[in-house]
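Colleague:
Protein chains in written order, with our numbering: chain A, 359 to 459; chain B, -10 to 151.
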């Protein structure tokens, strides 16, 4: 368990699963959840390189920034999704191809 | 013992992440995402990032996941029992993503990573706080302004038209 490669492999699997979700899901909230998976994979990478790079704390600071940006992104994206639902009565992102009704 | 715990945590993380992208029900996806976040928290603890692990639980599980579940509930009619959704082009996506995992895995396994010697720190909060308030003060302030703007924007966007 004490090797960089294990963490990188886990994070690449998480990233790929998130990518799969973004590509195949049609529901807006589900796409948002997949994006959260991708951000978590990036964070695992930051922390793994921080730990195996001589416990360099810069990775921790960047991971903190990523978490903050994920929170901001989730709030704005959900506000947009709720607006889309109010206007189009669906959150299937394939049906929402126009800027106005 | 520590080895077993690590692989169990990896199994929980990857398995529930698979559930997130695969589950038919959107609510099941959200609950699986809870276990993914907790598994990632465990990985953070293995990576000696105690402060980040706590932040992960507080922000992701306590904030973002609740927000996502609210989003699921608000974007479905109460009368429609079936909160589900379909996926499209699953086989095509699976082929591309498996090829992508193979490519990344090959890259990771074939690279000679330079691992520096390291010792487990007694605490990480001191170093993080020092970095945030000295080297990364400007990004820190910028990110707090961004968070403020994003939250105000989100409330403005999602309120009812007056």
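All C-beta atoms in this analysis are idealised placements derived from N, C-alpha and C, irrespective of residue type, glycine included.
Using the C-alpha atoms, what's the distance from residue 362 (chain A) back to residue 438 (chain A)?
Modeller: Rounded to whole angstroms, residue 438 (chain A) to residue 362 (chain A) spans 38 angstroms at the Cα level.
Colleague: If you draw a straight line from the alpha carbon of residue 80 (chain B) to that of residue 375 (chain A), how long is it in whole angstroms?
Modeller: Using only the alpha carbons, I get a separation of about 14 angstroms.
Colleague: When Cβ atoms are compared, which residues of the region 363 to 377 of chain A fall closer than 8 angstroms to chain B?
Modeller: Flagged, chain order: 363, 364, 365, 366, 367, 368, 370, 371, 372, 373, 374, 375, 376 and 377.
Colleague: Quick one: what's got a C-beta closer than 7 angstroms to residue 72 (chain B)'s C-beta in the same chain, skipping five residues either side?
Modeller: Only weak support is given to the placement of residue 72 (chain B): the predicted model assigns it a pLDDT of 49, under 50, and the value that follows is read from those uncertain coordinates. Excluding sequence neighbours, residue 72 (chain B) sits near 14, 15, 16, 61 and 65.
Colleague: At a cut of 8 angstroms, does the region 128 to 140 of chain B reach the region 439 to 458 of chain A through at least three beta carbon pairs?
Modeller: As far as the Cβ criterion goes, the region 128 to 140 of chain B does not touch the region 439 to 458 of chain A, which means the pair count is below three.
Colleague: Check whether chain A comes within 7 angstroms of residue 90 (chain B), counting only Cβ atoms and requiring the distance to be less than that.
Modeller: Taking Cβ atoms only, chain A reaches closer than 7 angstroms to residue 90 (chain B), which makes this a yes.
Colleague: Can you tell me whether residue 33 (chain B) is buried or exposed, with buried defined as 16 or more other CB within 10 angstroms of its CB?
Modeller: Burial call: buried.
Colleague: Residue 415 (chain A) and residue 116 (chain B): beta carbons closer than 7 angstroms?
Modeller: The answer is yes: Cβ separation under 7 angstroms.
Colleague: If contact means a Cβ-Cβ distance below 7 angstroms, which residues of the region 111 to 138 of chain B contact chain A?
Modeller: Listed by position, the residues of the region 111 to 138 of chain B near chain A (Cβ gap below 7 angstroms) are 113, 116, 117, 120, 121, 125, 128, 132, 135 and 136.
Colleague: Give a yes or no on whether the minimum CB-CB distance between residue 454 (chain A) and chain B is below 7 angstroms.
Modeller: Chain B, which has no Cβ nearer than 7 angstroms to the Cβ of residue 454 (chain A), makes this no.
Colleague: In the DSSP output, what is residue 105 (chain B) paired with across the bridge?
Modeller: Its beta-bridge partners are A:411.
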